[in-house]
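A quick write-up on the structure given underneath.
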Amino acid sequence: MATEGTKFQVNFKTADGTLINLYAATVTELETGLSDLAMNSMNIKATAAELGSVKAGAPAPTTASVAQSFNATPVAPAGGAQTCAHGEMVYKTGTSTKGPWKGYMCPTPKGAADKCDPIFIR
5 MATEGTKFQV NFKTADGTLI NLYAATVTEL ETGLSDLAMN SMNIKATAAE LGSVKAGAPA
65 PTTASVAQSF NATPVAPAGG AQTCAHGEMV YKTGTSTKGP WKGYMCPTPK GAADKCDPIF
125 IR
């Protein structure tokens, strides 16, 4: 997250949707950060591949699969988890012009042709 002293912000979005943010207060910090990212790019790719997000056409990993890889137990939101054809749906909340909302969203990427409709909680 950018701090008050941030003067430079660089955002990278990889082909699989991974978002990498770099923040720097000086040109030297920016150059060092870019160099560090370049040196670690293979680690970033390997981590993404390990989580299953780089495979062509592969769906994003489910909460359960990520939790299993860390030997953890996911906590379901109030009301229990919802699923769709693409796996466990993501619980989100927000506020629109009509007021606050909450619901479950399909885990497929934004704009996907087969993205399921959201399930809103009333």
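Counting from 5, one number per residue, gives the positions in the sequence shown under the working numbering.
In this text, a Cβ means the ideal position worked out from N, Cα and C, and glycines have one as well.
The structure presented is a predicted model; accordingly, all values stated were derived computationally and were not measured.
Pick helix, strand or coil for residue i, following the three-state DSSP scheme.
i, result
"Gln86", "coil"
"Asn47", "helix"
"Glu92", "strand"
Classify residue i as buried or exposed, calling it buried when 16 or more other Cβ atoms lie within 10 Å of its own Cβ.
i, result
"Gln86", "buried"
"Pro113", "exposed"
"Met43", "exposed"
"Pro104", "exposed"
"Met93", "buried"
Shortest alpha-carbon distance to residue i belongs to which of the options?
i, options, result
"Glu8", "Phe16, Leu23, Thr30", "Thr30"
"Tyr108", "Asp121, Asn75, Gln72", "Asp121"
If you drop the 5 nearest sequence neighbours on each side, which residues of the same chain put their C-beta closer than 8 Å to that of residue i?
i, result
"Leu34", "Phe12, Val14, Leu26, Ala28"
"Leu38", "Val14, Leu26"
Only counting the same chain, and skipping five residues up and downstream in sequence, which positions put a Cβ closer than 6 Å to that of residue i?
i, result
"Ile24", "Phe16"
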